[in-house]
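Engineer: Every position in the sequence shown, counted from 1, becomes a number in this note's numbering once 7 is added.
Pasting a structure below so you can have a look.
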Amino acid sequence: MGEKPYVIDQMISAKSIAARIEELAREITTEFAETEKLVVVGLLRGSFVFIADLVRELPLPVEVDFVETSSYGNAMESSREVRILKDLRGDIEGRDVLVVEDIVDTGHTLAHVLTLLQSRKPRKLRTIALLDKPSRREAAIKADWTGFEIPDEFVVGYGIDYAQRNRNLPYIGKVRFTET
Ligand code: IMP
Ligand code: MG
């Protein structure tokens with residue numbers, strides 16, 4: 008595939024992720040205790056594993072919907088320009104909505120999606136990100152809940168890819184390029 012050779016070093020174990028999701032799910036359950044039916048919106052594709060585990064820890068009525076965004080540019084640099092490739096199927100006006108993101112990096116993706124969803128007048132709009140790289144932030148945004156803050160490393164696994172690989176790793180690992 009023409010990528011430089013690399014190895015993956017485990018950064019966050021599957022066990023730690025599961026434990027953190029239980030904690031987050033308790034807080035989210037409290038936040039949406041009065042909600043008739045929560046709309047959980049996953050940002051494709053990186054959040055698909057996280058959203059699957061998260062919704063199964065929520066003892067709430069939920070529906071699940073997805074948005075797919077694309078940034079131009081290559082795999083390692085997310086660009087500032089965000090396009091909507093796939094929009095929600097459902098109407099969110101007056102609804103309580105939880106947006107689920109894999110990583111908040113520069114923050115442009117989440118900022119763009121939130122602006123779009125806010126324009127549709129949900130009753131309540133909250134966000135959760137599994138990972139946050141605060142040192143990379145360009146857009147002034149922070150998820151309401153974050154799984155783990157991580158340093159400026161390129162990570163894969165648990166749904167997150169590098170050039171469409173490694174999404175199926177059960178843990179979060181960091182990509183380390185090996186010199187040749
Ligand atoms: P942002 O718009 O810069 O916040 O980028 C968000 C998106 O970039 C995430 O949803 C990921 O899809 C991707 N991304 C950011 N950091 C990484 C990483 O370390 N590994 C893989 N994808 C990443
Ligand atoms: Mg993403």
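From the three backbone atoms N, C-alpha and C, an ideal C-beta is built for every residue, glycine too.
Just so we're clear, the structure is a prediction, and the values are computed from it rather than from any experiment.
Have a look at the DSSP bridge pairing and note the partners of A136.
Structural biologist: Paired residue(s): E108 and T153.
Engineer: Hey, could you find the ends of the alpha helix (DSSP H) I99 is sitting in?
Structural biologist: Counting along the chain, I99 falls outside any alpha helix (DSSP H), and DSSP gives it neither H nor E.
Engineer: Please name the residue, chosen from G97, R133, V62 and V111, that lies closest to D159 on a Cα-to-Cα basis.
Structural biologist: Checking every option, the nearest Cα to that of D159 belongs to V111.
Engineer: Out of curiosity, what's the CA-to-CA distance linking T37 and L45?
Structural biologist: Answer to the nearest angstrom: the Cα atoms are 12 Å apart.
Engineer: Of the residues G53, L138, D98 and K181, which one's Cα is nearest the Cα of R27?
Structural biologist: When only C-alpha atoms are compared, the closest one is L138.
Engineer: Which residue from F184, I179 and R183 puts its Cα closest to that of K22?
Structural biologist: Minimum Cα distance to K22 is reached at I179.
Engineer: Just to check my reading of the structure: T153 and A136 have Cβ atoms closer than 8 Å, yes? What is that Cβ distance to the nearest angstrom?
Structural biologist: Yes, T153 and A136 are in contact; Cβ-Cβ is about 5 Å, under 8 Å.
Engineer: Beta carbon of L61, beta carbon of V120: below 9 Å?
Structural biologist: No, these two residues do not count as a Cβ contact at 9 Å.
Engineer: From what residue to what residue does the beta strand (DSSP E) around S78 run?
Structural biologist: S78 -> beta strand (DSSP E) spans V69 to S78.
Engineer: Can you tell me where the alpha helix (DSSP H) holding Q171 begins and where it ends?
Structural biologist: From DSSP, Q171 is part of no alpha helix (DSSP H); its letter is neither H nor E.
Engineer: Does DSSP classify K22 as helix, strand or coil?
Structural biologist: Three-state result, K22: helix.
Engineer: For the ligand IMP, I want to know if Q74 counts as a neighbour, meaning its beta carbon is within less than 8 Å of at least one of the ligand's heavy atoms.
Structural biologist: Checking the sequence shown, residue 74 turns out to be Val, not Gln. No, the ligand IMP has no heavy atom inside 8 Å of this Cβ.
Engineer: Work out the CA separation of I157 and Y165 for me, nearest whole Å.
Structural biologist: Going by the C-alpha atoms only, they are around 15 Å apart.
Engineer: For L67, which option in R96, E34 and R52 has the closest C-alpha, if you only look at C-alpha atoms?
Structural biologist: For L67, the nearest C-alpha among the options comes from E34.
Engineer: Do L105 and V47 have their beta-carbon atoms positioned less than 9 Å apart in this structure?
Structural biologist: Going by C-beta atoms, V47 is nearer than 9 Å to L105.
Engineer: Quick check on F55: does DSSP put it in helix, strand or coil?
Structural biologist: Here F55 sits in helix by DSSP.
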